[in-house]
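K.L.:
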Amino acid sequence: MRNYDFECVATQINCGPGTREYIEREWDKAVNRIENWIKTVRICITDINGPKGGINQRCRIVMQTRLGAPIVVQETRERLSSAINVAIRRSVHTLKRKISKKRDQKKQPVHIETQQDAEGLS
Numbered sequence: 752m753r754n755y756d757f758e759c760v761a762t763q764i765n766c767g768p769g770t771r772e773y774i775e776r777e778w779d780k781a782v783n784r785i786e787n788w789i790k791t792v793r794i795c796i797t798d799i800n801g802p803k804g805g806i807n808q809r810c811r812i813v814m815q816t817r818l819g820a821p822i823v824v825q826e827t828r829e830r831l832s833s834a835i836n837v838a839i840r841r842s843v844h845t846l847k848r849k850i851s852k853k854r855d856q857k858k859q860p861v862h863i864e865t866q867q868d869a870e871g872l873s
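Every letter in the sequence shown is one number past the one before it in my numbering, and letter 26, counting from 1, is 777.
1) Using CA coordinates, which residue listed in 799, 838 and 807 is at the minimum distance from residue 813?
2) Let me check understanding here. Comparing Cα to Cα, which of 789, 851 and 847 lies closest to residue 757?
3) Across the region 763-782 and the region 818-829, are there enough close Cβ pairs to call them in contact, namely three or more that are closer than 8 Å?
4) Mapping the DSSP letters down to three states, classify residue 812 as helix, strand or coil.
5) Label residue 824 either buried or exposed according to how many other C-beta atoms from any shown protein chain fall within 10 Å of its C-beta, with 16 as the threshold for buried.
6) Pull the bridge partners of residue 823 from the DSSP assignment, please.
7) Using only CA atoms, which one of 836, 786 and 851 lies nearest to residue 777?
8) Going by Cα to Cα distance, which pick from 849, 852, 818 and 781 is closest to residue 840?
9) Does DSSP put residue 758 in a helix, a strand or coil?
10) With a threshold of 16 other CB atoms inside 10 Å of the CB of residue 851, please say whether the residue is buried or exposed.
11) By DSSP, does residue 794 sit in helix, in strand, or in coil?
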C-alpha cells in the first residue's frame, strides 16, 4: 500500500489497463524499500511521433520527495516497455543516491569552535 500520491497518465498513446498495471507493478517493486521518502509520483507516457514509428516512446517521471527538489527523469526509446523500465531504474537510482548523501551528511561530525580553537587561530 502506497503512502504517497501516484498518478499514471498516457497522452497521445493507446494505453490499456495492462500497461498501467505493468507500470504500477514495476514501480512498486523498484521503490519497495525507499517509498517512505516519496511524496508524489507522476508517470507520463507519450508517443511523440504518433503512428510514424521510430524512437518515439517516452516515459517521464516526476517524483516529489521529502528531500526537497523534485526528481525528473525522461527516457525515450523505440519500445514503450524499455522506456518505462529505464526511466524507473534511473529515477529510483537518483532517489537512492540523494538518500545516501543525506545520511552521509548526518554522519559528519559537527565541529564546535571552542575557546582554545579560537586562541590557536590568532
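Note that CB positions come from ideal geometry on N, CA and C, so glycine has one too.
P.N.:
For this structure:
1) As a position in the sequence shown, residue 813 is number 62, starting the count at 1. Looking only at 799, 838 and 807, the smallest Cα-Cα distance to residue 813 is reached by 838.
2) The sequence position of residue 757 within the sequence shown is 6, counting from 1. Comparing Cα positions, the closest option is 789.
3) Touching, no.
4) As a working mapping, residue 812 is identified with position 61 in the sequence shown. Three-state result, residue 812: strand.
5) What you label residue 824 is simply residue 73 of the sequence shown in a count that begins at 1. With 16 or more neighbouring CB atoms inside 10 Å of its own CB, residue 824 falls in the buried class.
6) Taking the sequence shown and counting its residues from 1, the one referred to as residue 823 is at position 72. DSSP output for residue 823 lists 813 as bridge partner(s).
7) If you number the sequence shown from 1, residue 777 lands on position 26. With distances taken between CA atoms, residue 777 lies nearest to 836 out of 836, 786 and 851.
8) Within the sequence shown, numbered from 1, the residue matching residue 840 stands at position 89. It is 781 whose Cα lies nearest to the Cα of residue 840.
9) Looking up residue 758 in the sequence shown gives position 7. DSSP places residue 758 in strand when its eight states are reduced to three.
10) As a first step, residue 851 must be located in the sequence shown, where it is residue number 100. Exposed, because fewer than 16 other Cβ atoms sit within 10 Å of the Cβ of residue 851.
11) Here residue 794 refers to the residue found at position 43 when the sequence shown is read from its first residue. Strand, per DSSP.
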